[in-house]
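One line per chain: the protein sequences are A and B, in this order.
Those letters in the first sequence? Residues 207 to 322, per the numbering used here, in order.
Those letters in the second sequence? Residues 34 to 144, per the numbering used here, in order.
All residues carry an ideal CB built from backbone N, CA and C; glycine is no exception.
Only one structure is covered here, and it is reproduced in the block below.
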Amino acid sequence: GAVVSQHPSWVICKSGTSVKIECRSLDFQATTMFWYRQFPKQSLMLMATSNEGSKATYEQGVEKDKFLINHASLTLSTLTVTSAHPEDSSFYICSARELARQETQYFGPGTRLLVL
Amino acid sequence: DAKTTQPPSMDCAEGRAANLPCNHSTISGNEYVYWYRQIHSQGPQYIIHGLKNNETNEMASLIITEDRKSSTLILPHATLRDTAVYYCIVPRLSNTGKLIFGQGTTLQVKP
């Protein structure tokens, strides 16, 4: 149980285009999902907290107009990187919190984005 | 999150127990200690968590000191597949569940 999936697993796009990444909790309902970004040889950096049915809360320094987050259902959150540039190339990881398990978070496998 | 301190790296021989320490001296009474690990190029994997008592599951054991200021994650029989970065995290209760990742401990299991 407690499986989180992400799609796509990797994506290559041209500079200036937008990319959507999906995060799904497969066998549990997640009222809260989180989005992280990880650059090579660095730790995970929290970008935003996504609550079902409400606006996402962004961490300091993260541009909300560039990283659009939608959490329309209890099992799906999406992150859209708008007008992507090479510096947005990174490993994007989502997690979902299962309240029934003392707020333990379960992570997706990550999406590797390369912007050319 | 309550500040945690972990050694940057450790080695362990395959088949032996791996003991990964974590200091969290500013932990508050109701805050849990969580352990995650990240194998290269994958998303983090939940391992175990605890409050006061020692905990054990199919992956590992968690030993928390009586004053709760430190803990040790124990992998009883490390395998090569346990090579990963291990993160000890103490989420602040006021942070609505956010996990703030530090640098963790890179565990290298050697044959």
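Residue i: contacting residues in chain A (beta-carbon distance under 7 Å)
i              : result
residue 136(B) : 249
Neighbouring residues, chain B, relative to residue i (Cβ below 7 Å)
i              : result
residue 299(A) : 76
residue 316(A) : 75, 76
Minimum Cβ-Cβ distance from residue i to chain A less than 8 Å
i              : result
residue 79(B)  : yes
residue 130(B) : yes
Residue-chain proximity (residue i, chain B), Cβ-Cβ < 8 Å
i              : result
residue 252(A) : yes
residue 240(A) : yes
residue 235(A) : no
residue 303(A) : yes
residue 223(A) : no
residue 255(A) : yes
Per-residue contacts from residue i into chain B (C-beta, under 8 Å)
i              : result
residue 264(A) : The contacting residues do not exist; residue 264(A) stays about 12 Å from chain B at best.
residue 310(A) : 67, 79, 82
Within chain A, the residues that residue i reaches when beta carbons sit closer than 8 Å
i              : result
residue 133(B) : 252
Residues that residue i contacts on chain B, provided the C-beta gap is smaller than 9 Å
i              : result
residue 273(A) : Near residue 273(A) there are no residues of chain B at all, since even the closest Cβ is about 16 Å away, more than 9 Å.
residue 313(A) : 69, 71, 75, 76, 77, 78, 79
- Within the chosen definition, does the region 40-54 of chain B reach the region 312-319 of chain A through at least 3 CB pairs nearer than 8 Å? no
- Task: Pull out every residue of the region 82-93 of chain B whose Cβ sits closer than 8 Å to any Cβ of chain A, in chain order.
- Result: 82
- At least three beta-carbon pairs within less than 8 Å, the region 273-280 of chain A to the region 215-223 of chain A: no
- Task: Please list the segments of the beta strand (DSSP E) lying wholly inside the region 242-286 of chain A, counting only runs of 3 or more residues, in order along the chain.
- Result: 251-257, 273-279
- Query: Any chance the region 56-70 of chain B sits against the region 123-137 of chain B, with 3 or more Cβ pairs inside 8 Å?
  - Reply: yes
- Message: I'd like to know if the region 288-307 of chain A and the region 225-237 of chain A are in contact, where contact means that at least 3 CB-CB pairs between them fall below 8 Å.
- Response: yes
- Message: Going residue by residue through the region 47-72 of chain B, where are the continuous beta strand (DSSP E) segments of at least 3 residues, counting only ones entirely within it?
- Response: 51-56, 66-71
- Does the region 251-258 of chain A come close enough to the region 227-240 of chain A to have 3 or more Cβ pairs within less than 8 Å? yes
- Counting pairs of Cβ atoms below 8 Å between the region 104-117 of chain B and the region 66-81 of chain B, do you hit three or more? yes
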